[in-house]
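If you read the sequence shown in my numbering, its first letter stands for residue -7, the second for the next number, and so on. Note that CB positions come from ideal geometry on N, CA and C, so glycine has one too. Since this is a predicted model, take the numbers as computed values, not measurements.
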Amino acid sequence: MTERPFTRADLDLLRRWDTPTICNALELVAPARRGRGFTLKQFVAADPSLPPICGLARTGQIRAAAPSGRSREQDRDARIGWYEYVADADLPTIAVIEDLDESPGIGAFWGEVNSNVHKGLGCQGCVTSGSFRDIDMLAPGFQIIGGMVNPSHAHVHMVDFGRDVIVHGMPCMHDDVVHADRHGAVVIPAEAVRQLPAAIDLCTRREAVILEMAKRDDFDIHKLKEALSRSDEIH
């Protein structure tokens, strides 16, 4: 079993907060990551009402614009290899899949079957630059944030897995901690996982001073300056 500076309970705790809140807290505990490590393009969420997901990355790469050039048996072996890779985890996972086609999303890897299969293998959801379909038939609670919705799977096939990927500007490696919701996704440095709850509490207390002042009937620029000053004093 891999030794990590966090537990399943630590990852479950981070699901209480949305991804923007996680990014805010990372600015405090990992300031070097302030301008990187998160997605940069708009996603389509399969179900925007679902809570955030947080787990270990299982990285993969797909194509769908043309046949793989492999035999049917080789394609099947590649798909089984991917499933075995996803299943080989001691903590909840998130599939992070990069679509390598020139126009990502031509064929949907994700739908009713794959969402149920992956959920059964301990995967909470997927972050992909590719597409998905079967919106009304996806596994309950399985979140997908993808580049687009598409009715066909075309020639979709697994190209490789377990290697570094980039999904909508977010670099991701095998076993990275990924947090995602309808806003997008962010990679959390392993050493930062347990520091985030305290940082979130600090951010929340600082913001509360400003928000409380902004909602007052007598709010003006002078009150704003006062609130900003008081917020800066909170540690």
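_Under DSSP, the alpha helix (DSSP H) around residue 210 begins and ends at which residues?_
Sequence index remark: in the sequence shown, residue 210 carries index 218 (1-based). No alpha helix (DSSP H) holds residue 210; DSSP gives it neither H nor E.
*Which partner residues does residue 277 have in the DSSP bridge list?*
This structure gives no information on residue 277, because the portion of the chain shown stretches from -7 to 227.
*Classify residue 9 as helix, strand or coil using the three-state DSSP reduction.*
For the purposes of this step, residue 9 is identified with residue 17 of the sequence shown, where counting begins at 1. Look at residue 9 here: in three-state DSSP terms it is coil, with no helix or strand label.
*Where the beta strand (DSSP E) through residue 126 begins and ends*: On the sequence shown, residue 126 is found 134 positions in, with the first residue counted as 1. Note, residue 126: premise wrong, no beta strand (DSSP E); not H, not E.
*May I have the straight-line CA-CA distance separating residue 74 from residue 197, to the nearest angstrom?*
Counted from its first residue, the sequence shown places residue 74 at position 82. Counted from its first residue, the sequence shown places residue 197 at position 205. Each residue's CA atom was taken as its position, placing residue 74 and residue 197 some 43 Å apart.
*asked:* Since residue 179 and residue 51 should fall inside the 8 Å C-beta cutoff, what is the C-beta to C-beta distance between them, to a whole number of angstroms?
replied: As a first step, residue 179 must be located in the sequence shown, where it is residue number 187. As a first step, residue 51 must be located in the sequence shown, where it is residue number 59. Not a contact, Cβ separation roughly 11 Å.
*Nonlocal neighbours in the same chain, by C-beta distance under 8 Å from residue 40, ignoring five residues either side*: As a working mapping, residue 40 is identified with position 48 in the sequence shown. Same-chain partners within the cutoff: 174.
*asked:* When you compare the CB positions of residue 36 and residue 141, do they come within less than 7 Å of one another, or not?
replied: Within the sequence shown, the letter at position 44 stands for residue 36. Within the sequence shown, the letter at position 149 stands for residue 141. Annotated as proximal: residue 36 and residue 141, with beta-carbon spacing under 7 Å.
_Please state the DSSP three-state secondary structure of residue 55._
By one-based count along the sequence shown, residue 55 stands at place 63. Under the three-state reduction of DSSP output, residue 55 falls in the strand class.
*Tell me, to the nearest whole angstrom, how far the beta carbon of residue 90 is from that of residue 159; I am working on the premise that it is less than 8 Å.*
Locating residue 90 in the sequence shown gives position 98, where the first residue counts as 1. Locating residue 159 in the sequence shown gives position 167, where the first residue counts as 1. Yes, residue 90 and residue 159 are in contact; Cβ-Cβ is about 5 Å, under 8 Å.
*Sort 27, 78 and 98 by Cα distance to residue 59 and report the nearest one.*
Position 67 of the sequence shown, counted from the first residue, corresponds to residue 59. It is 98 whose Cα lies nearest to the Cα of residue 59.
*Bridge partner(s) assigned by DSSP for residue 176*: Position 184 of the sequence shown, counted from the first residue, corresponds to residue 176. Per the DSSP secondary-structure output, residue 176 pairs in a beta bridge with 173.
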